[in-house]
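Notes follow once the structure below has been shown.
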Amino acid sequence: MTSLSILPVRASNLFRTTFKRSQAHAAWFGASPNAHRTYSTRSTRITLNTGARIPAVGFGTFQDPDAQEAAVSRALQAGYRLIDTARVYDVEAQVGKGIKASGVPREEIFLATKLWCNQFHPDDVEGALDESLRELDTPYVDLFMMHYPCTFARGDERFPRDANGKMLAGTTTFVDTWRAMEALVEMGKTKAIGVSNFSMGEIQKLLDECDVVPAVHQMEVHPYLQQKDFNKWLQGWGIHVIQFSPLGNMNEFYRTTGWSKEVAQMIRVTDQPLLKELGEKYNKSPVQVVLAWGVNSGRSVIPKSVIDWQIQQNLEADFELEPEDLARIGMLDVKARFNDPSLDYQWRLYSDLEGIEGVVDGKTH
Ligand SMILES: NC(=O)c1ccc[n+]([C@@H]2O[C@H](COP(=O)([O-])OP(=O)(O)OC[C@H]3O[C@@H](n4cnc5c(N)ncnc54)[C@H](OP(=O)(O)O)[C@@H]3O)[C@@H](O)[C@H]2O)c1
């Protein structure tokens, strides 16, 4: 079995990968003489607890606002039918235009967006979704999620801070927010509601105190942070998981954000020798193997890219992995969480989950 290449974090600077994307392209799309199998590409969909069917492979839209309209359009034309966005990404207008430009009928698309923390007051929730719908130029979304469980002070300021730069908390709780979101389903403005970045205890509180079971939990999952017990628990409740940052620390954001943890500097998930080895076996790239691992585990994945060949490659990441290979990828679970703005947001996120040590103070924006 290939040994696990996890670096001592302090030594990580020595090992920062210089493997360029162009090289990756040549390496994984060049001739592959050893390939001896054909694993056909699928278009898996999973049934949510609402009865709706969500695609297993979707398209993320965080960052690169100037490129998103064209990227969304091309992604839809290539065959993606799940688009993930959020109010706070400031790309909803581009996403809406991209959908229109693609020519793909709206009803064929599973469109998800998220409520940001300064609009968690129950009286603000419907208006916030209305703003998103206006930007997205659509009468409804398929999924509306609370982006984080933490409530920020009401107002236009997305990151409301005091004079010392400390985030100002809101006065309502995510339970109040959830109840307001439940009403939006009744109104037909969203087909389903979900959460993101919640702990087990926080979801349990919704289950105990509210009516609607979340259809989805969007959370960080990749081979370095597999959250096996939590995933099992969510599955038991019929809550579908969408993996964000499915490629782990591929996104440069995690190496450079103010609260970036040292662990984010470790060798990229997709440079793990095991994944390269499996890529050769399946005639796929390590990125595709990582995404296929998520899909074969019953989850959706929403890789982000604005580069055509990557967009295409990610779409072709829905193929069957053999159980023994899934088990080997299971060994990469070092519980490295990259997305943890707990100190900046003044809220102990993921409190009962794995990978919360090493939190660093620093601002998101
Ligand atoms: N709910 C939340 O709090 C939350 C948090 C984070 C993310 N998200 C969602 O999840 C989506 C994905 O997460 P993410 O953007 O953090 O991370 P990611 O999708 O795991 O990684 C994105 C990075 O990987 C690169 N990439 C994509 N496909 C590739 C390929 N085939 N080969 C080589 N490199 C490839 C991209 O390059 P290029 O950009 O150069 O194309 C980008 O730098 C976001 O866009 C967003 O929709 C949600």
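At position 355 of the sequence shown the residue is numbered 355 (UniProt numbering), and the sequence of numbers has no breaks. For glycine and all other residues, C-beta sits at the position ideal for the given N, C-alpha and C. Here the structure is a predicted model, which means the values were calculated and not measured.
Query - Close-in-space but distant-in-sequence residues of the same chain around G201 (CB under 6 Å, 5 per side omitted) - result: D352
Query raised in the report: Is it right to say A163 is buried, meaning 16 or more other beta carbons lie within 10 angstroms of its own, or is it exposed?
Result: Flag for A163 reads exposed.
Requested in this report: Enumerate in chain order the residues of its own chain whose CB-to-CB distance from L247 is below 7 Å, with the five nearest sequence positions on each side excluded.
Outcome: H222, V269, T270, V287, V290, P303
Query raised in the report: Do three or more CB pairs link the region 313-320 to the region 39-57 at distances below 8 Å?
Result: yes
Query raised in the report: Taking the continuous beta strand (DSSP E) assigned at G194, which residues delimit it?
Result: 193-196
**Report entry** Selection from S73, D361, D142 that minimises the alpha carbon distance to K261
**Finding:** D361
Query raised in the report: Is K114 buried or exposed, if buried means 16 or more other CB atoms sit within 10 Å of its CB?
Result: buried
Report task. Report the three-state DSSP secondary structure of W347 (helix, strand or coil). Result -> coil
Query raised in the report: What does V141 pair with, by DSSP beta-bridge criteria?
Result: T190
Query - Continuous beta strand (DSSP E) stretch holding D84: start and end - result: 82-84
Report task. Could you confirm whether any beta carbon from chain C is found closer than 8 Å to the beta carbon of I203? Result -> The structure shown contains no chain C; it is built from a single protein chain.
Query raised in the report: For F338 versus Y282, is the C-beta spacing smaller than 8 Å?
Result: no
Query raised in the report: Would you call the region 138-154 and the region 322-339 touching, i.e. three or more CB-CB distances under 8 Å?
Result: With a cut-off of 8 Å, the region 322-339 and the region 138-154 do not count as touching, because too few Cβ pairs lie within range.
Requested in this report: Taking only heavy atoms of ligand 1 into account, decide whether any of them is closer than 7 Å to the Cβ of K276.
Outcome: no
Query raised in the report: Roughly how many angstroms lie between the CA atoms of D229 and F144, to the nearest whole one?
Result: Straight-line Cα distance between these residues: approximately 25 Å.
**Report entry** In chain order, each alpha helix (DSSP H) run of at least 4 residues that lies wholly inside the region 208-294
**Finding:** The qualifying runs are 228-236, 253-256, 273-282.
Requested in this report: Would you please state the rounded distance, in angstroms, between the beta carbons of S102 and L76? I believe it to be under 8 Å.
Outcome: Taking the Cβ atoms as the reference, S102 lies roughly 4 Å from L76, within the contact range of under 8 Å.
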